[in-house]
Amino acid sequence: MKLVSWNVNGLRAILGKGMAAAVDALEPDVLCLQEIKARPEQVKDLWISSWPHQLWNPAEKAGYSGVLILSRVQPLSTSVGIGWPEHDREGRVCTMEFEPFYLVNCYTPNSQNELARLPYREQWDAAFRGYVAGLAEIKPVVFCGDLNVAHEEIDIARPKENRFSAGFSDQERAGFTRLLEAGFTDTFRALHPEEPGWYSWWSYRAGARARNIGWRIDYFCVSNPLASRVKEAAIHPDVTGSDHCPVSLEIDC
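Here the working numbering runs 25 ahead of the position in the sequence shown, where the first position is 1.
Now the structure itself:
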């Protein structure tokens, strides 16, 4: 099965920038999108409609956040949120259950300038960790999305300058470590342990993408028992249309 994850930074906008052709070239069986900023009734698009199985979780606030799973494989079950009302109103998680695993699509909250939202982010990290760990007690889990953290210095172009920035604070990095320690593998780093320069997000400022001054903050992570079944985990920086690029996972089912 091939899975693709992409923070599209506005679904309606990116559909007008060749998104369908870009995704089709990656040939996913399942597509996980974050920051869609739209409700289903606002998206009238034939390509979106061509996906037979859809799971939307828009935020209560209009034009904000939101996640979507599009699948060509029929899920066994679906759910939205993580069971915490204070978190779920922002439309950050949706889950499809397939025969071999649960697939969790996540858009993690940003800690914001000067880490203004870091306390909330730490609450979120603990709640999300509990959610995926709980699912993993039933069957293996694949979770993906914009997790808004560059885990190690190799995952960011300028680690020293960003030590106390949102997405690279000590607290957020430690939170991601605890998430992995709960029984999960960062698939890209497991397969490419020493390869620098692979990023999935670039600022729109100062030509950062052209200069590859980026951050790896988009992930596919799997329950440890699934790690040996991962065929490839890839990042696709050549695919444009958003400030993020897609990431993908191929796994034997």
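Here a beta-carbon is modelled for each residue, glycine too, at the ideal position from N, C-alpha and C.
Reference residue i; option with closest CA among the options
i      : options                        : result
ASP307 : LEU140, ALA231, TYR89, GLU197  : Any question about residue 307 goes unanswered here, given that the chain covers just 26 to 278.
VAL33  : MET26, LYS62, GLU52            : LYS62
ARG64  : GLU85, ALA45, PRO77            : GLU85
SER136 : THR202, ARG183, TYR145         : TYR145
LEU40  : ASP54, TRP240, TRP72           : TRP72
VAL157 : ASP263, ARG234, PRO218, CYS131 : CYS131
TRP81  : ASP70, VAL105, GLN99, VAL98    : VAL105
GLN99  : GLN67, HIS78, PRO110, TRP31    : HIS78
PHE245 : GLY43, ARG37, TYR127, TRP109   : TYR127
MET26  : VAL92, GLU178, GLY239, GLU124  : GLU124
GLN196 : ILE179, ALA151, GLY222         : ALA151
Distance CB(residue i)-CB(residue j) smaller than 9 Å
i      : j      : result
HIS261 : LEU28  : no
ILE94  : LEU56  : yes
SER267 : GLY35  : yes
TYR224 : ASN237 : yes
HIS176 : ARG214 : yes
ALA258 : LEU216 : yes
ASN138 : ALA182 : no
THR265 : LYS42  : yes
Contact belief for residue i with residue j at Cβ below 8 Å, rounded distance in angstroms
i      : j      : result
SER194 : LEU140 : 6 Å
VAL129 : PHE168 : 4 Å
PHE201 : LEU160 : Contact flag wrong, Cβ pair sits at about 18 Å.
PHE209 : SER253 : Actually they are not in contact, since the Cβ atoms of PHE209 and SER253 sit about 14 Å apart, beyond 8 Å.
VAL166 : ARG198 : Not quite, the Cβ-Cβ distance comes to about 21 Å (not below 8 Å), so this is no contact.
Pairwise C-alpha distance: residue j and residue i
i      : j      : result
ILE276 : ILE242 : 21 Å
ARG37  : TRP149 : 27 Å
SER75  : PRO134 : 30 Å
ALA207 : ASP49  : 34 Å
Within the stretch 165–233, ranges of the alpha helix (DSSP H) (whole runs, at least 4 residues): Complete alpha helix (DSSP H) runs here, min 4: 195–206, 212–216.
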